[in-house]
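In order, the protein sequence lines correspond to chains A and B. Counting from 1, position 46 in the first sequence corresponds to residue 46 in the numbering used here; the numbering is continuous, with no gaps. Counting from 1, position 441 in the second sequence corresponds to residue 441 in the numbering used here; the numbering is continuous, with no gaps. Don't be surprised by glycine CBs; every beta carbon is placed ideally from N, CA and C. Heads up: the structure comes next, in structure tokens.
Number of protein chains: 2
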Amino acid sequence: MRVSRFPLFTVKEVPADAEVISHQLMLRAGLIRRLAAGIYTWLPLGLRVLRKVEAVVREEMDRAGALELLMPAVQPAELWHESGRWQKYGPELLRIVDRHQRDFCFGPTHEEVITELFRREIKSYKQLPVNFYQIQTKFRDEVRPRYGVMRAREFLMKDAYSFHLDQASLQEGYQAMYDAYTRIFTRLGLKFRAVLADSGSIGGNRSQEFHVLADSGEDTIAFSTGSDYAANVELAEALFPSSERSLPSEALTRVSTPGVKTIADLCAFLNLPIARTVKAIVVEGVDSQPVLLLIRGDHELNTIKAEKLPQIKTPLTFASPDAIRAAFGAGPGSLGPVGFGGPIIADRTVARMADMAMGANADDWHLTGVNFGRDCPEPEVADLRNVIEGDPSPDDRGTLAIARGIEVGHVFQLGQKYSAAMNAVVLGENGQPATVTMGCYGIGVSRVVAAAIEQNHDKRGIIWPAAMAPFQVALLPLGAARSTSVRETAEAVYQELLTAGMDVLLDDRAARPGVMFADMELIGIPHRLVIGDRNLAAGQLEYRGRCDSDSTLVGRTDIVEWLRQRLITGQGGSI
Amino acid sequence: MRVSRFPLFTVKEVPADAEVISHQLMLRAGLIRRLAAGIYTWLPLGLRVLRKVEAVVREEMDRAGALELLMPAVQPAELWHESGRWQKYGPELLRIVDRHQRDFCFGPTHEEVITELFRREIKSYKQLPVNFYQIQTKFRDEVRPRYGVMRAREFLMKDAYSFHLDQASLQEGYQAMYDAYTRIFTRLGLKFRAVLADSGSIGGNRSQEFHVLADSGEDTIAFSTGSDYAANVELAEALFPSSERSLPSEALTRVSTPGVKTIADLCAFLNLPIARTVKAIVVEGVDSQPVLLLIRGDHELNTIKAEKLPQIKTPLTFASPDAIRAAFGAGPGSLGPVGFGGPIIADRTVARMADMAMGANADDWHLTGVNFGRDCPEPEVADLRNVIEGDPSPDDRGTLAIARGIEVGHVFQLGQKYSAAMNAVVLGENGQPATVTMGCYGIGVSRVVAAAIEQNHDKRGIIWPAAMAPFQVALLPLGAARSTSVRETAEAVYQELLTAGMDVLLDDRAARPGVMFADMELIGIPHRLVIGDRNLAAGQLEYRGRCDSDSTLVGRTDIVEWLRQRLITGQGGSI
Numbered sequence: 001m002r003v004s005r006f007p008l009f010t011v012k013e014v015p016a017d018a019e020v021i022s023h024q025l026m027l028r029a030g031l032i033r034r035l036a037a038g039i040y041t042w043l044p045l046g047l048r049v050l051r052k053v054e055a056v057v058r059e060e061m062d063r064a065g066a067l068e069l070l071m072p073a074v075q076p077a078e079l080w081h082e083s084g085r086w087q088k089y090g091p092e093l094l095r096i097v098d099r100h101q102r103d104f105c106f107g108p109t110h111e112e113v114i115t116e117l118f119r120r121e122i123k124s125y126k127q128l129p130v131n132f133y134q135i136q137t138k139f140r141d142e143v144r145p146r147y148g149v150m151r152a153r154e155f156l157m158k159d160a161y162s163f164h165l166d167q168a169s170l171q172e173g174y175q176a177m178y179d180a181y182t183r184i185f186t187r188l189g190l191k192f193r194a195v196l197a198d199s200g201s202i203g204g205n206r207s208q209e210f211h212v213l214a215d216s217g218e219d220t221i222a223f224s225t226g227s228d229y230a231a232n233v234e235l236a237e238a239l240f241p242s243s244e245r246s247l248p249s250e251a252l253t254r255v256s257t258p259g260v261k262t263i264a265d266l267c268a269f270l271n272l273p274i275a276r277t278v279k280a281i282v283v284e285g286v287d288s289q290p291v292l293l294l295i296r297g298d299h300e301l302n303t304i305k306a307e308k309l310p311q312i313k314t315p316l317t318f319a320s321p322d323a324i325r326a327a328f329g330a331g332p333g334s335l336g337p338v339g340f341g342g343p344i345i346a347d348r349t350v351a352r353m354a355d356m357a358m359g360a361n362a363d364d365w366h367l368t369g370v371n372f373g374r375d376c377p378e379p380e381v382a383d384l385r386n387v388i389e390g391d392p393s394p395d396d397r398g399t400l401a402i403a404r405g406i407e408v409g410h411v412f413q414l415g416q417k418y419s420a421a422m423n424a425v426v427l428g429e430n431g432q433p434a435t436v437t438m439g440c441y442g443i444g445v446s447r448v449v450a451a452a453i454e455q456n457h458d459k460r461g462i463i464w465p466a467a468m469a470p471f472q473v474a475l476l477p478l479g480a481a482r483s484t485s486v487r488e489t490a491e492a493v494y495q496e497l498l499t500a501g502m503d504v505l506l507d508d509r510a511a512r513p514g515v516m517f518a519d520m521e522l523i524g525i526p527h528r529l530v531i532g533d534r535n536l537a538a539g540q541l542e543y544r545g546r547c548d549s550d551s552t553l554v555g556r557t558d559i560v561e562w563l564r565q566r567l568i569t570g571q572g573g574s575i
Numbered sequence: 001m002r003v004s005r006f007p008l009f010t011v012k013e014v015p016a017d018a019e020v021i022s023h024q025l026m027l028r029a030g031l032i033r034r035l036a037a038g039i040y041t042w043l044p045l046g047l048r049v050l051r052k053v054e055a056v057v058r059e060e061m062d063r064a065g066a067l068e069l070l071m072p073a074v075q076p077a078e079l080w081h082e083s084g085r086w087q088k089y090g091p092e093l094l095r096i097v098d099r100h101q102r103d104f105c106f107g108p109t110h111e112e113v114i115t116e117l118f119r120r121e122i123k124s125y126k127q128l129p130v131n132f133y134q135i136q137t138k139f140r141d142e143v144r145p146r147y148g149v150m151r152a153r154e155f156l157m158k159d160a161y162s163f164h165l166d167q168a169s170l171q172e173g174y175q176a177m178y179d180a181y182t183r184i185f186t187r188l189g190l191k192f193r194a195v196l197a198d199s200g201s202i203g204g205n206r207s208q209e210f211h212v213l214a215d216s217g218e219d220t221i222a223f224s225t226g227s228d229y230a231a232n233v234e235l236a237e238a239l240f241p242s243s244e245r246s247l248p249s250e251a252l253t254r255v256s257t258p259g260v261k262t263i264a265d266l267c268a269f270l271n272l273p274i275a276r277t278v279k280a281i282v283v284e285g286v287d288s289q290p291v292l293l294l295i296r297g298d299h300e301l302n303t304i305k306a307e308k309l310p311q312i313k314t315p316l317t318f319a320s321p322d323a324i325r326a327a328f329g330a331g332p333g334s335l336g337p338v339g340f341g342g343p344i345i346a347d348r349t350v351a352r353m354a355d356m357a358m359g360a361n362a363d364d365w366h367l368t369g370v371n372f373g374r375d376c377p378e379p380e381v382a383d384l385r386n387v388i389e390g391d392p393s394p395d396d397r398g399t400l401a402i403a404r405g406i407e408v409g410h411v412f413q414l415g416q417k418y419s420a421a422m423n424a425v426v427l428g429e430n431g432q433p434a435t436v437t438m439g440c441y442g443i444g445v446s447r448v449v450a451a452a453i454e455q456n457h458d459k460r461g462i463i464w465p466a467a468m469a470p471f472q473v474a475l476l477p478l479g480a481a482r483s484t485s486v487r488e489t490a491e492a493v494y495q496e497l498l499t500a501g502m503d504v505l506l507d508d509r510a511a512r513p514g515v516m517f518a519d520m521e522l523i524g525i526p527h528r529l530v531i532g533d534r535n536l537a538a539g540q541l542e543y544r545g546r547c548d549s550d551s552t553l554v555g556r557t558d559i560v561e562w563l564r565q566r567l568i569t570g571q572g573g574s575i
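See the structure below:
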């Protein structure tokens with residue numbers, strides 16, 4: 001393609017209203033333009049990237065045996081009433097009334113529609129399992145759309161739905177999708193993790209999210225350096241420390257600590273390492289009486305884990321200052337287990353600590369040398385905290401690293417939520433009707449593009465992974481206006497590369513070199529070839545990968561083979 | 001693809017609510033399923049066809065230099081207010097209110113959005129001309145959606161918009177799109193005509209519609225057998241007859257015609273050929289006084305042509321029975337020019353007639369031997385009628401044939417309707433701002449599929465043109481369950497054909513032969529290969545094209561080359 005026939009809509013200035021780097025770069029590189037809040041047009045360059053993602057997704061879904069179809073965007077309300085979601089979905093569901101005053105919505109997801117199709121078309125267990133997918137425009141009326149296509153209202157999604165006779169078949173189908181997703185994100189050249197996740201509002205049993213790792217990600221995930229274990233940090237299990245509790249070596253000592261309210265204050269005041277301190281947190285128990293939770297000073301309470309404990313009231317409720325004072329005789333900042341008669345639950349790490357520092361249940365007093373069993377009763381023990389970097393992996397293989405991630409895919413075991421509500425039944429092997437079991441599997445196709453940029457960019461612009469690059473090679477003739485040989489060589493090389501099957505963008509604008517370099521770096525073309533008079537006189541072109549720190553001179557006649565090698569290995573092009 | 005992994009959703013019964021053959025066959029062949037009125041899911045087999053159409057459209061649009069982008073489906077009302085269409089478009093525009101009570105619509109077309117994009121991005125005449133297109137889901141809230149995807153509410157459309165500095169450039173761009181459309185429909189293997197059309201409500205100057213010819217078409221078009229002239233029958237010019245008017249040969253005679261009200265009655269009563277009779281039609285003139293229109297007995301008044309005459313009131317209004325009796329002294333059925341003092345306009349054909357039979361302006365009386373100039377004044381003369389089969393072509397090359405057509409594409413010269421309303425201005429060559437001139441170009445991608453079926457089917461099912469067939473070859477092993485050699489040969493041939501790059505559907509269901517034959521004919525696969533024990537013993541397979549009346553035995557080892565030839569020539573596969 002020639003730039004003269006494929007205009008670039010690049011912009012130098014950083015757009016004022018774009019908060020995250022992918023949004024800024026997608027606007028600056030001319031990939032997208034905003035039409036309304038959370039609603040974007042994909043410009044030609046952006047659409048090329050989007051289509052490349054789409055193609056990889058489609059190939060791997062097909063390879064996994066899923067059947068592509070195309071469901072309507074506009075869905076009748078009746079189906080959503082059947083599933084019960086017309087009420088439950090809330091204002092994110094974009095509701096529409098047609099000219100005959102019938103209710104519809106712009107589909108944010110298609111469980112209802114596919115279940116309706118299934119129950120009409122599939123009659124026998126012999127036709128199972130089956131997996132239908134589509135790549136289609138969705139709309140979710142986000143209350144605060146932001147970050148460009150990362151959290152847009154209208155977006156492109158691959159959604160798949162599988163139907164099974166039983167749980168074993170569902171697990172097989174789920175695994176096939178898990179494997180397909182792994183291939184997809186691997187082929188797209190992204191660093192990602194499959195993360196154990198809460199299944200949220202879509203309901204069902206097991207689910208995993210696929211996260212692209214990027215510092216700007218909205219989710220925090222913990223993953224093992226020694227296995228493929230990964231989980232949302234809130235869900236990752238914190239194991240017991242490997243070492244047993246030491247024997248008490250200090251005497252229980254009451255210390256006056258005027259003005260000391262926080263753990264940081266306490267460490268400074270006592271000149272103690274933070275890992276020797278314990279935080280006391282008071283929540284309401286099932287009987288609304290105070291329950292004392294103990295967490296190591298440098299750890300964080302995990303409210304999801306705490307809420308799941310049978311002793312604790314749902315939803316998790318922190319005790320009021322009055323209730324705390326009534327139960328402990330002191331305010332928050334000076335609390336501890338010594339002398340407290342109510343239930344005490346210690347985090348697993350705290351349960352292995354000795355000679356701890358903590359509050360004395362008297363304002364402005366703390367204790368050091370606290371030991372369970374000796375100074376207060378042995379507490380109940382539970383996993384109460386968020387994992388941190390360096391914790392052992394819950395699968396006991398390697399240690400945990402913490403990273404931020406952007407969710408780009410999700411695999412669910414839905415179970416019978418929709419099939420039961422909507423009566424999706426087949427004739428079972430035993431001749432009896434059997435309600436089918438479902439899985440659903442989504443990839444945010446447009447979000448993948450933004451996530452790839454969050455993960456792969458530098459100060460000059462985007463650095464596309466090879467599989468997503470809108471063009472593989474940028475061909476830049478310098479001073480073509482005055483040099484016949486530059487012009488002719490550029491044209492000849494362009495044709496040779498096209499013939500070799502490469503996706504080439506020839507910058508035939510006769511722009512200044514600086515403009516051409518900046519544009520090609522901004523839009524992230526992996527391989528750059530510069531044709532200039534001086535090198536050409538020596539029979540050479542100048543090659544530079546988007547991530548190379550230096551250029552390489554390559555013989556004119558070797559250039560096709562040189563590039564072919566680079567495209568195969570990916571060397572130079574991507575991070 | 002194997003049928004065991006690509007289920008066919010074929011249906012034997014003709015669906016009760018499907019009126020036209022394409023709708024029936026699309027349901028029966030398992031291409032689509034209805035979700036709601038005018039809203040359809042494309043099943044896997046149908047989607048394959050849709051994607052093949054899409055691919056041809058995309059290739060030819062790209063070849064014509066148009067730039068693909070993707071605009072949002074959901075559009076803000078503000079832009080439609082700017083163009084004035086928020087009010088004008090009427091209830092076909094599906095209006096949406098979002099959670100913040102802002103007005104949007106589900107885009108039925110994208111003139112506003114593309115003009116908004118253009119005015120923000122394109123600043124100079126140097127960037128012109130430019131043509132943007134997309135292939136995208138649209139919604140038009142038809143009051144009575146029908147005929148399946150032929151007149152659906154949600155549908156897939158290719159829409160393109162070109163921007164030009166002047167009319168000459170627009171005409172060039174328009175011609176390029178006309179040529180691209182001609183290539184598209186030719187490649188798709190459709191019999192079609194580019195038809196001069198009224199530009200209707202989208203506004204602008206010149207426009208042509210591309211019609212697929214089919215007896216069931218909603219539009220009637222006239223086209224020349226000797227040139228590429230074609231027009232909606234309402235717009236085709238009826239030329240003067242080639243022969244001059246004969247001299248009067250009969251005396252004016254008043255005939256009592258009791259009960260004769262129609263031209264058919266009159267011909268029967270007088271035993272006259274219909275071409276000797278003249279119909280009198282009375283409409284209101286610009287001054288609301290009666291104007292008498294004269295049309296040959298076997299011709300039809302063309303109200304569009306009549307309404308365009310300066311003497312006639314707009315909109316065309318037929319005179320009331322009272323006004324007619326006041327002006328003519330008789331009621332409809334006995335009217336004529338003899339004795340009428342008001343304006344008379346004769347169709348060009350009538351103007352060349354002599355010795356005519358027509359009403360006598362007295363109830364139950366007619367005249368024969370009427371001649372202009374002798375019995376009544378010479379009338380004004382105009383083209384007032386619809387053309388009929390056999391009329392000379394308006395371009396004087398060949399004669400007209402009449403056919404029915406299905407509109408599948410439309411090319412418009414929009415002019416400045418949107419660019420002026422929305423201030424789409426570039427810096428002109430002279431340094432002054434210049435309002436751009438636009439063209440727009442649509443193809444109903446999903447409708448093309450239905451139109452192709454309307455044109456190409458028989459009583460057994462669909463007959464796909466080669467370029468649209470979901471699979472090229474159907475491979476049917478007979479009795480595979482009990483014959484190892486059939487099974488193994490089928491598998492081997494399947495692999496050979498795939499290796500040769502063919503799109504093959506292997507029916508591995510072990511169904512009865514009749515079921516397999518019926519399914520493959522219903523879904524319209526162009527080439528069928530049957531593998532059976534008896535022929536196989538003689539080293540042969542049985543080939544049959546979808547349109548062949550007989551099968552041919554082909555040597556096992558020749559089969560790939562045989563099919564390759566058939567695929568190249570299209571022989572046997574399509575009509």
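- Selection LEU213(B), ARG120(B) and LEU301(B) evaluated against ILE281(B) yields LEU301(B) as nearest (Cα-Cα).
- Within 8 angstroms of the CB of PHE139(B), the CB atoms of chain A belong to ALA73 and VAL74, in sequence order along the chain.
- Contact with chain B is found for TYR40(A), since one of that chain's Cβ atoms lies less than 9 angstroms from the residue's Cβ.
- Within the segment 436 to 515 of chain B, the runs of alpha helix (DSSP H) at least 4 residues long that lie entirely inside it are, in chain order, 445 to 455 and 484 to 499.
- Around LEU475(A), no beta-carbon contact reaches into chain B at under 9 angstroms, the shortest distance being about 19 angstroms.
- The beta carbon of ASP503(B) is closer than 6 angstroms to those of PHE471 and GLN472 in its chain, skipping five residues each way along the sequence.
- Under the three-pair Cβ rule at 8 angstroms, the segment 104 to 114 of chain B counts as touching the segment 65 to 83 of chain B.
- With 16 or more other CB atoms across the displayed protein chains lying within 10 angstroms of its CB, ILE295(B) is buried.
- By the neighbour-count criterion, in which a residue is buried when 16 or more other Cβ atoms sit within 10 angstroms of its Cβ, GLU250(B) is exposed.
- Around LEU213(A), the same chain offers LYS191, ALA403 and GLY405 as residues with beta carbons nearer than 6 angstroms, after the five sequence neighbours per side are excluded.
- In the DSSP assignment, no residue is bridged to PRO15(A).
- Collapsing the DSSP output to three states places ASN232(B) in a strand.
- No Cβ-Cβ contact shorter than 9 angstroms links LEU70(B) with THR10(A).
- Between GLU142(A) and GLU92(A), the C-beta gap is smaller than 9 angstroms, which places the two residues in contact.
- Nearest in C-alpha terms to ILE263(A), of all of THR314(A), GLU244(A) and GLY333(A), is GLY333(A).
- For LEU498(A), no Cβ of chain B is located within less than 9 angstroms of the residue's own Cβ.
- Straight-line spacing of the CA atoms in ALA176(A) and ALA330(A) works out to 57 angstroms.
- When secondary structure is reduced to three states using DSSP, ARG34(A) falls in the strand class.
- ALA180(A) is a Cβ neighbour of ALA64(A), given a cutoff of 9 angstroms.
- Burial state of ASN423(B) is exposed, judged by a 10 Å Cβ sphere holding fewer than 16 other Cβ atoms.
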